[in-house]
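Trainee: In the working numbering, the protein residues as written are 3 to 253.
C-beta: ideal position from N, C-alpha, C; glycine also.
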Amino acid sequence: MDSVRSPEWPVAPLGGVAANSAAARYGMSPGTGPIVGRAGPPPSAPPPYRPSSGTGSAPSAGKPSAPPIPVKILVAGGFGVGKTTTVGAISEIAPLTTEAEMTSAGIGVDDPGARSTKTTTTVAMDFGCVTIDRSLKLYLFGTPGQTRFGFMWDDLARGALGALVVVDSARLDDCYPAIDFFERAGLPFVVGVNAFDGRLAVELGEIRWALAIGDHVPLVQFDARDRLSVRDALLVVLDRALDRATRDRRA
3 MDSVRSPEWP VAPLGGVAAN SAAARYGMSP GTGPIVGRAG PPPSAPPPYR
53 PSSGTGSAPS AGKPSAPPIP VKILVAGGFG VGKTTTVGAI SEIAPLTTEA
103 EMTSAGIGVD DPGARSTKTT TTVAMDFGCV TIDRSLKLYL FGTPGQTRFG
153 FMWDDLARGA LGALVVVDSA RLDDCYPAID FFERAGLPFV VGVNAFDGRL
203 AVELGEIRWA LAIGDHVPLV QFDARDRLSV RDALLVVLDR ALDRATRDRR
253 A
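This is the structure:
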């Protein structure tokens with residue numbers, strides 16, 4: 003992991019900063035326009051993703067239960083796509099956030115989109131946790147989305163078993179650096195398309211083509227505000243990580 007380079011972040015386009023809160027962004031209407039995809043998928047890809055069907059066994063009666071196994075999961079993506087909202091929706095503790103007020107100094111540097119009402123932004127990371135069952139507990143680390151904090155991704159990714167890359171279907175170009183980062187790192191990841199206002203700007207099939215990701219990468223639609231929807235997306239990440247661990251053990 004130490005050899006992985008930070009994302010090659012694109013220069014943010016000029017534009018006025020409008021505001022925060024995912025709630026306001028969910029009221030936006032689906033965008034239109036051509037989708038410009040990445041150059042292509044990585045040269046070699048693992049087998050297509052297949053969810054496992056195995057079930058765990060209950061602990062024996064009378065024996066003290068062992069503490070749950072900690073699993074580190076990243077919640078990554080571009081600027082203003084709903085990472086902080088995702089962590090906050092599922093965390094069983096009050097999430098740790100590092101939100102700071104956006105000022106006029108960020109105009110032309112941090113561009114959340116013309117229709118956004120975003121007024122604060124994550125300047126370090128988000129943190130939350132959720133217990134899956136008696137044997138497993140997820141620790142969620144949300145990455146910053148601003149270009150200037152890309153160097154922090156190397157440290158945040160250290161020790162992680164998987165990642166959820168949050169995507170805004172109307173701003174797909176913002177998520178290219180995150181996908182490139184996890185492909186280079188060899189870390190299992192799932193692309194979660196955040197359905198703002200319950201709608202997508204384009205269909206999932208078009209999004210997969212535009213992102214140039216193979217069939218081995220799960221692509222799911224979810225709502226960052228809804229606890230159960232976030233849970234389902236994270237379970238796919240966990241299943242992907244377990245599938246990778248199983249294949250590595252057999253190799």
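Out of 234, 155, 145, which one is the CA nearest neighbour of residue 127?
Mentor: Ranking 234, 155, 145 by Cα distance to residue 127 puts 145 first.
Trainee: Using the three-state DSSP reduction, which class does residue 207 fall into: helix, strand or coil?
Mentor: Correct three-state label for residue 207: helix.
Trainee: Can you tell me which of 96, 155, 228 puts its alpha carbon nearest to the alpha carbon of residue 79?
Mentor: The shortest C-alpha separation from residue 79 is found at 155.
Trainee: Please identify the residue among 69, 216, 137, 129 whose C-alpha is closest to the C-alpha of residue 91.
Mentor: The shortest C-alpha separation from residue 91 is found at 129.
Trainee: First and last residue of the alpha helix (DSSP H) that includes residue 128?
Mentor: Residue 128 -> not in any alpha helix (DSSP H); beta strand (DSSP E) instead, spanning 128-135.
Trainee: Residue 231 to residue 224, Cα distance in whole Å?
Mentor: Computed Cα separation, rounded: 5 Å.
Trainee: Looking only at its own chain, which residues have a Cβ that is under 7 Å from the Cβ of residue 189, when we skip the five neighbours before and after it?
Mentor: Contacts found: 159, 162, 164, 165.
Trainee: Where does residue 171 land, buried or exposed, given buried means 16+ other C-beta within 10 angstroms?
Mentor: It is buried - the Cβ of residue 171 has at least 16 other Cβ atoms within 10 Å.
Trainee: Excluding the 5 residues flanking residue 194 on each side, which residues of the same chain have their C-beta closer than 6 Å to its C-beta?
Mentor: The residues are 166, 168, 222, 224, 235.
Trainee: Tell me which residues share the same chain as residue 77 and place their Cβ nearer than 8 Å to its Cβ, disregarding the 5 neighbours each side in the sequence.
Mentor: If we look at residue 77 and ignore the five residues flanking it on each side, its Cβ neighbours are 85, 88, 89, 128, 142, 143, 144, 145, 165, 166, 168.
Trainee: If you reduce the DSSP assignment to three classes, tell me which class residue 181 lands in.
Mentor: Three-state result, residue 181: helix.
Trainee: For residue 69, I'd like the list of residues in its chain whose CB is within less than 8 Å of its CB, leaving aside the five on either flank, ordered along the chain.
Mentor: Closer than 8 Å at Cβ, skipping near neighbours: no residue.
Trainee: Tell me whether the beta-carbon of residue 75 lies closer than 8 Å to the beta-carbon of residue 138.
Mentor: Taking 8 Å as the Cβ cut-off, residue 75 and residue 138 do not qualify as a contacting pair.
Trainee: Just mark residue 181 as buried or exposed, buried being the case when its beta carbon has 16 or more other beta carbons within 10 Å.
Mentor: With 16 or more other Cβ atoms within 10 Å, it is buried.
Trainee: Please state whether the Cβ-Cβ distance between residue 214 and residue 174 is less than 8 Å.
Mentor: No; because the gap between Cβ atoms is not below 8 Å, this pair is not in contact.
Trainee: Is it buried or exposed, residue 35, if we count other Cβ atoms within 10 angstroms and call 16 or more buried?
Mentor: Legend: pLDDT at residue 35 = 49, less than 50; position of this residue unreliable, no value from coordinates given.
Trainee: Under the three-state reduction of DSSP, which class applies to residue 1: helix, strand or coil?
Mentor: What the structure shows of the chain is the stretch from 3 to 253, and residue 1 is not part of that stretch, so it cannot be assessed.
Trainee: Are the Cβ atoms of residue 94 and residue 131 separated by less than 8 Å?
Mentor: Contact flag set, yes.
Trainee: By Cβ distance, which residues of its chain are closer than 8 Å to residue 242, with the 5 residues on each side in sequence left out?
Mentor: Same-chain partners within the cutoff: 51, 164, 190, 191, 192, 220.
Trainee: Just verifying my parser: in three-state terms, what is the DSSP assignment at residue 239?
Mentor: Of the three classes helix, strand and coil, the one that applies to residue 239 here is helix, per DSSP.
Trainee: Near residue 229, what residues of its chain come up, given a Cβ to Cβ distance below 6 Å and the 5 sequence neighbours on each side ignored?
Mentor: Answer for residue 229: 91, 92, listed in chain order.
Trainee: Can you tell me whether residue 245 is buried or exposed, with buried defined as 16 or more other CB within 10 angstroms of its CB?
Mentor: Classification for residue 245: buried.
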